[in-house]
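These notes are about the structure you will find just below.
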Amino acid sequence: MRIGVFVCHCGSNIAATVDCPAVAEQAKKLQDVVFTTDTMYTCSEPGQNEIIEAIKEHKLDGVVVASCSPRMHEATFRRALERAGLNRYMLEMANIREHVSWIGKNKERNTVKAFELVSIAVAKLRNDQPLYANKFDVTKRVLVIGGGVAGIQAALDCADAGYQVVMVEREQSIGGKMAKIDKTFPTVDCSSCILGPKMVDVSQHENITLYAMSEVEKIEGYVGNFDVQVRKKATYVNWDNCTGCGACMEKCPSKKNVDKFNEGISTCTSINIPFPQAIPKKAAINPEGCLMLQKGKCGVCAKICPTKCIDFEQKDEIVTEKVGAVIAATGYDMFDHSVYKQYGAGQYPDVITSLQYERLMNASGPTGGHIKRPSDGKEPKKVVFVQCVGSRDPAVGRPYCSGFCCMYTAKQAILTKDHIPDSDSYVFYMDIRSPGKGYDEFTRRAQEQYGVQYLRGRVSMIYPKGDRYIVRGSDTLAGTQVEVEADLVVLAVGAESAKNAPALAEKMRISYDSYGFFMEAHPKLKPVETNTAGVYLAGSCLGPRDIPTSVGQGSAAAAKVMTLFSKDKLESDPQVSRVNTSRCVGCMKCAATCPFGAIKEVTDRAGNVKAEVIETVCQGCGICTVTCPQGAIQLQHFTDNQILAEVNALCQAQVDF
Amino acid sequence: MSISVGYYPGCSGSGTSVEYDKSTRAVCKKLGIELNDIDDWSCCGSTPAHTVNHTLSAALSARNLVLAAKQGQEEVVTPCPSCLANLRTASRKIEDETYRPKVEALLDESCEKAATVASTLQLIVEKVGMDAIKKAVVKPLKDLNVACYYGCIMNRPPELMQFDDSENPMAMDNIMEACGATVLPFPLKVECCGAAGGMPRKDLVTELSGRLLDVAASLNTEIIVTACPLCQMNLDLRQGQVNRANGTSYDIPVVYFTQLLGLALGLSAEEVGLSKLVVDPTPRLRFAGVL
Ligand code: SF4
Ligand code: SF4
Chain A
1 MRIGVFVCHC GSNIAATVDC PAVAEQAKKL QDVVFTTDTM YTCSEPGQNE IIEAIKEHKL
61 DGVVVASCSP RMHEATFRRA LERAGLNRYM LEMANIREHV SWIGKNKERN TVKAFELVSI
121 AVAKLRNDQP LYANKFDVTK RVLVIGGGVA GIQAALDCAD AGYQVVMVER EQSIGGKMAK
181 IDKTFPTVDC SSCILGPKMV DVSQHENITL YAMSEVEKIE GYVGNFDVQV RKKATYVNWD
241 NCTGCGACME KCPSKKNVDK FNEGISTCTS INIPFPQAIP KKAAINPEGC LMLQKGKCGV
301 CAKICPTKCI DFEQKDEIVT EKVGAVIAAT GYDMFDHSVY KQYGAGQYPD VITSLQYERL
361 MNASGPTGGH IKRPSDGKEP KKVVFVQCVG SRDPAVGRPY CSGFCCMYTA KQAILTKDHI
421 PDSDSYVFYM DIRSPGKGYD EFTRRAQEQY GVQYLRGRVS MIYPKGDRYI VRGSDTLAGT
481 QVEVEADLVV LAVGAESAKN APALAEKMRI SYDSYGFFME AHPKLKPVET NTAGVYLAGS
541 CLGPRDIPTS VGQGSAAAAK VMTLFSKDKL ESDPQVSRVN TSRCVGCMKC AATCPFGAIK
601 EVTDRAGNVK AEVIETVCQG CGICTVTCPQ GAIQLQHFTD NQILAEVNAL CQAQVDF
Chain B
1 MSISVGYYPG CSGSGTSVEY DKSTRAVCKK LGIELNDIDD WSCCGSTPAH TVNHTLSAAL
61 SARNLVLAAK QGQEEVVTPC PSCLANLRTA SRKIEDETYR PKVEALLDES CEKAATVAST
121 LQLIVEKVGM DAIKKAVVKP LKDLNVACYY GCIMNRPPEL MQFDDSENPM AMDNIMEACG
181 ATVLPFPLKV ECCGAAGGMP RKDLVTELSG RLLDVAASLN TEIIVTACPL CQMNLDLRQG
241 QVNRANGTSY DIPVVYFTQL LGLALGLSAE EVGLSKLVVD PTPRLRFAGV L
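Protein chains in written order, with the UniProt record's numbering: chain A, 1 to 657; chain B, 1 to 291.
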């Protein structure tokens with residue numbers, strides 16, 4: 001075998017603490033190595049060309065690149081090998097950046113370690129075999145989880161491109177948070193007027209199947225061929241026949257249900273359509289409030305319904321869908337402000353959240369768009385906004401910036417003045433963060449044109465005085481304590497991950513951060529991809545996002561899906577387990593340990609039980625290989641021989657530089 | 001139930017707040033808690049020590065915890081939150097093996113063995129519990145509107161005190177409710193009363209304590225319940241000064257939670273030291289049928 005070794009400087013990333021030329025020089029002495037060199041940037045065009053030329057000139061059979069993490073450039077170098085006519089699996093990488101130069105400062109010892117990693121890679125490469133991918137079909141349908149603005153955009157883009165879309169929404173209607181908002185910043189246009197038509201498009205698009213009041217129960221399979229189980233929750237209304245006339249809502253005698261769509265500032269009937277523009281516009285019964293379901297008497301809605309679609313016996317239903325890709329756009333939840341005991345949040349009726357305030361300002365909200373205090377219905381003349389409630393506060397476990405609160409607070413302060421011209425607004429802020437297009441101008445407009453008083457400092461406490469509230473905080477610019485007497489206090493609550501996000505992430509086999517937000521495959525270069533092939537992300541499930549970014553990511557995720565669907569066949573990863581049938585004794589221990597259910601039982605011609613790996617399901621984790629008592633099942637590209645060769649290389653006597 | 005712990009009365013307990021000490025002892029006895037005084041205890045260093053020298057302050061407090069351990073007590077309780085803060089800080093410092101030698105050098109003895117420390121409030125809440133209190137009440141405090149005032153150091157800093165919510169503590173609220181009183185939601189329950197500022201800056205105390213009395217009055221509070229000798233003094237002894245400075249005329253009694261709890265448990269006015277208070281609570285207590 002003829003092996004070439006390429007040691008990368010990575011600019012000064014590696015070269016500053018590793019003697020790269022020395023490593024390359026030393027590597028010449030390794031068995032089968034016929035060519036070595038060191039390069040400034042191996043991943044650059046000249047760097048890759050150098051590899052290609054060396055392969056041709058020195059008739060190399062395999063290449064070792066000592067550089068960064070394979071997560072970064074393994075695919076890049078594999079393509080370079082292919083261009084030179086080698087099998088892409090005849091490449092080994094030694095990670096001398098993340099594993100060496102970035103973690104140690106001692107150049108001498110780093111150089112030794114870098115060389116050791118190179119010798120391991122050479123030893124493994126000597127045992128490598130060319131591997132070939134199989135091709136398999138793609139189901140050109142996509143599952144979109146979440147019907148907020150990001151999910152809607154993704155669904156419409158895919159549907160317009162001609163692909164079938166299955167949209168699953170947890171709530172009774174799509175629209176997400178944006179549907180609850182009155183106006184959007186910085187253009188102050190009506191939120192539901194720009195979202196509403198898109199929601200209608202979703203419901204009318206021939207390529208979109210919408211499951212509202214539904215949750216994803218299970219996702220199995222692999223890129224191109226996912227099997228999805230969706231739980232359609234019982235609504236106790238036959239949605240095929242419901243016309244959304246609302247007759248039932250008028251007559252339902254149980255009227256004290258918490259109105260979730262209105263963020264709990266009003267009540268609704270037990271059978272309800274959340275808002276006039278709801279999509280689908282169908283009624284559903286809240287079983288907790290329904291007299292019929294709780295006590296067995298009433299049934300008024302059933303009597304009144306002109307299409308006879310009430311069904312108290314309805315049960316949850318599981319439907320199965322086949323899709324080739326998944327876009328998760330599950331959004332976020334608002335921070336639970338009642339953690340701030342010093343703000344009396346949840347205790348004082350007129351200390352409310354920003355989203356509740358949005359509903360108070362919204363023409364289709366419970367007050368018809370008139371700002372009224374929840375306690376006594378009076379029009380507030382002095383409104384105090386408190387920013388960063390549940391953002392940038394390690395004390396409540398939310399050290400991150402939620403990003404959009406500065407902007408929506410400025411918008412709400414501006415709108416307050418529009419609604420109540422003789423009102424005064426105060427905003428307590430920590431910093432104003434308004435980096436979007438037209439954003440900074442907007443917050444300035446609030447201050448300069450609308451006369452909103454901005455006070456820089458955190459609020460320490462809020463307490464009632466008579467029927468008003470004292471908001472006490474600091475003004476760090478003036479260096480004093482300030483107290484503002486308010487009629488209404490609006491807490492600009494931050495964003496946190498959706499409640500069941502981690503559980504969903506596990507169903508999709510993707511990672512999530514310590515706050516429960518989903519992780520992108522690379523924060524800069526793969527912002528809507530995940531590490532699981534075929535699963536894409538959009539919007540606030542990745543972290544707090546504003547509307548433009550969410551829409552942009554919805555389209556980006558859709559574009560990724562279209563790229564995937566542009567091929568009729570996908571290549572499978574050949575780095576999967578394979579059973580040596582002559583050694584396999586059919587004990588099936590491997591099948592029992594495989595977490596992906598990738599091993600099935602077959603019988604050979606002689607009638608003996610044997611294990612067989614389903615190539616497309618196998619994730620290449622290697623758990624089966626350590627389970628098998630016979631050593632019959634081997635993970636391709638990570639066989640026992642290859643690993644042992646690595647260990648042996650590491651145990652060789654140390655080289656001095 | 002038999003609970004036996006070490007007891008650290010603190011200097012105020014033997015001076016300005018004898019009624020707190022007295023009622024604490026009486027209540028604990030009623031609830032089956034045996035308080036064992038630490039022999040030869042000394043001042044925890046109070047506010048002056050830690051403003052001058054942290055090691056000295058730690059040594060003054062640690063001495064008491066070492067004495068208690070020698071006496072066979074694993075845990076010490078104290079009614080005063082300020083003593084508690086000092087004792088807790090000291091025990092945390094002597095847990096640190098790099099700090100302990102400094103304290104040992106000052107005390108001339110080993111601090112390896114020292115008692116832990118909690119407030120009597122915490123002891124009553126955690127070891128006796130509300131159900132037992134409810135059962136032991138013989139004279140319910142009904143028809144009494146109380147506001148519980150914790151002051152700023154009873155639960156703070158939270159990492160040090162490790163008891164109750166640092167922004168909205170409920171320990172005294174729950175005890176008073178168990179005694180049958182109507183507990184008002186007092187929003188300033190952890191605000192500062194001005195503390196020791198009473199000596200150098202009387203204006204601070206009249207402003208801060210004045211605010212507490214304002215809010216308490218606006219809630220129709222009949223009695224303010226406290227757990228801190230300094231808070232009690234600022235609100236009770238200085239209530240006249242506060243009134244004069246702010247042009248108000250409050251006369252709201254300010255009692256220790258142990259005094260009201262004691263009355264509810266059937267102790268007499270004398271046994272809980274009611275006569276030591278400046279604003280006389282007896283008219284209201286008589287009106288409510290507690291006396
Ligand atoms: S009355 Fe029947 S058709 Fe009309 S909204 Fe209610 S359930 Fe639907
Ligand atoms: S564990 Fe090994 S021997 Fe047993 S069935 Fe699986 S491959 Fe065959």
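From the three backbone atoms N, C-alpha and C, an ideal C-beta is built for every residue, glycine too.
Under a CB-based cut-off of 8 Å, is residue i close to chain B?
| i | result |
| --- | --- |
| residue 658/A | Summary: the structure shown does not reach residue 658/A, with chain A confined to residues 1 through 657, and so no result is reported for it. |
| Pro21/A | no |
| Pro197/A | no |
| Pro374/A | no |
| Pro349/A | no |
| Pro464/A | yes |
In whole angstroms, what separates the C-alpha of residue i from that of residue j?
| i | j | result |
| --- | --- | --- |
| Gln239/B | Asp251/B | 7 Å |
| Cys651/A | Glu82/A | 32 Å |
| Val66/B | Val272/B | 30 Å |
| Pro276/A | Thr563/A | 37 Å |
| Tyr211/A | Lys255/A | 27 Å |
| Val279/B | Leu237/B | 8 Å |
| Asn220/B | Val77/B | 33 Å |
| His73/A | Ala15/A | 18 Å |
| Lys135/B | Ala196/B | 38 Å |
| Phe261/A | Tyr408/A | 19 Å |
| residue 658/A | Asn207/A | Residue 658/A lies beyond the stretch modelled for chain A, which goes from 1 to 657, so this question has no answer here. |
| Arg88/A | Asp259/A | 58 Å |
| Lys189/B | Pro274/A | 40 Å |
| Gln26/A | Val647/A | 19 Å |
| Arg71/A | Ser572/A | 18 Å |
Does the beta carbon of residue i sit closer than 8 Å to a beta carbon anywhere in chain A?
| i | result |
| --- | --- |
| Val215/B | yes |
| Leu188/B | yes |
| Asn168/B | yes |
| Asp96/B | no |
| Asp143/B | no |
| Val218/B | Looking at the sequence shown, residue 218/B is not Val but Ser. Yes, contact with chain A. |
| Asp165/B | yes |
Identify whether residue i lies in helix, strand or coil by the three-state DSSP scheme.
| i | result |
| --- | --- |
| Lys567/A | coil |
| Gly539/A | helix |
| Lys610/A | strand |
| Met154/B | coil |
| Pro280/A | coil |
| Met334/A | strand |
| Lys124/A | helix |
| Phe275/A | coil |
| Glu288/A | coil |
| Thr235/A | coil |
| Asn243/B | helix |
| Asn87/A | coil |
So residue i packs on residue j, CB below 8 Å; how close in whole Å?
| i | j | result |
| --- | --- | --- |
| Ser577/A | Val528/A | Not a contact, Cβ separation roughly 30 Å. |
| Val64/A | Ala94/A | 6 Å |
| Gly175/A | Gly147/A | 7 Å |
Among the options, whose alpha-carbon lies nearest the alpha-carbon of residue i?
| i | options | result |
| --- | --- | --- |
| Ser423/A | Ser555/A, Val386/A, Gly451/A | Gly451/A |
| Arg126/A | Cys587/A, Asn641/A, Asp568/A, Ala395/A | Asn641/A |
| Cys230/B | Cys44/B, Pro281/B, Ile153/B | Just to set this straight, residue 230/B is Leu in the shown sequence, not Cys. Checking every option, the nearest Cα to that of Leu230/B belongs to Ile153/B. |
| Asn53/B | Leu106/B, Lys113/B, Cys192/B | Leu106/B |
| Thr36/A | Ser44/A, Gln48/A, Val23/A | Val23/A |
| Pro374/A | Arg468/A, Asn608/A, Met90/A | Arg468/A |
| Gly247/B | Val146/B, Gly197/B, Lys70/B, Gly210/B | Gly210/B |
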